[in-house]
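Student:
Residue numbers (my numbering): 618 to 819.
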């Protein structure tokens with residue numbers, strides 16, 4: 618299971634912070650609920666492309682001694698199962714879908730000078746598919762949705778207003794919802810709450 622590590626700052630600071638297993642050690646198991654600190658269980662490594670970084674980052678792991686399952690402390694600027702950071706994807710989607718730039722210009726706005734056409738289209742398709750769920754989950758309570766505004770534009774405006782990483786933190790931590798939509802084979806079982814409940818809680 619992955620939980621989010623709230624982090625803001627340069628990647629090098631993340632490397633320094635994550636070196637200490639006690640700094641962000643969970644005090645209970647999010648899977649079985651056991652009320653005891655988890656045991657450090659090393660790292661796994663994953664690639665990350667950010668606006669000013671392209672390389673490998675360590676992701677700290679912990680082990681629950683009761684249920685014998687692991688928990689990964691994923692930095693909250695990273696999306697599960699996607700190599701590119703939230704910042705890069707956000708810059709691209711806003712430029713392409715909200716500002717109407719070409720794919721090439723949108724890639725350049727996201728600091729991706731060489732980006733395959735297929736990658737941009739993949740991000741667009743995934744976001745378009747996820748946009749209705751995002752609109753519902755991120756809607757302010759008591760505020761009716763304007764039917765004249767499409768789901769894609771509405772979702773992008775909400776994400777820009779809330780902040781992409783803050784929205785990702787809420788969606789992932791509270792709903793187990795992937796900002797860009799889970800692939801069918803990876804949808805987590807047992808979401809903590811429903812989208813309807815999230816609307817009143819946000």
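Glycine included, each C-beta is placed from N, C-alpha and C at the ideal position.
Would you list, in sequence order, the uninterrupted alpha helix (DSSP H) runs of no fewer than 4 residues that lie entirely inside the region 721-755?
Tutor: You should have 734-755.
Student: Taking the C-alpha atoms as reference points, what is the distance between residue 735 and residue 713?
Tutor: Cα to Cα, the separation comes out at about 14 Å.
Student: Between the Cα of residue 658 and the Cα atoms of 675, 693, 748, 750, which residue gives the shortest distance?
Tutor: Here the closest residue by C-alpha is 675.
Student: According to DSSP, what are the bridge partners of residue 670?
Tutor: Answer is 667.
Student: Where does residue 719 sit, in a helix, a strand or coil, going by DSSP?
Tutor: Residue 719: coil per DSSP, three-state reduction.
Student: Cα separation between residue 695 and residue 650?
Tutor: So the two alpha carbons sit approximately 25 Å from each other.
Student: Closest Cβ-Cβ distance between residue 722 and chain D: below 7 Å?
Tutor: This model lacks chain D altogether; it includes just one protein chain.
Student: What's the call for residue 668, buried or exposed, on a 16-neighbour Cβ count within 10 Å?
Tutor: Exposed, because fewer than 16 other Cβ atoms sit within 10 Å of the Cβ of residue 668.
Student: Taking 6 Å as the line, does the beta carbon of residue 804 fall inside it for any heavy atom of the ligand MN?
Tutor: What this structure holds is no ligand at all, so the ligand MN is not there to describe.
Student: Residues in the same chain with beta-carbon distance under 7 Å from residue 619, minus the five sequence neighbours each way, listed in chain order, please.
Tutor: Counting only Cβ-Cβ distances below 7 Å, and skipping sequence neighbours, we find 689, 691, 697.
Student: Nearest to residue 677 by alpha carbon, out of 710, 685, 699, 641?
Tutor: Comparing Cα-Cα distances from residue 677 to each of 710, 685, 699, 641, the minimum goes to 641.
Student: Where in the region 628-705 do unbroken runs of the alpha helix (DSSP H), each at least 4 residues long, occur, reported from the N-terminal end onward?
Tutor: Fully enclosed alpha helix (DSSP H) runs of 4 or longer: 628-635.
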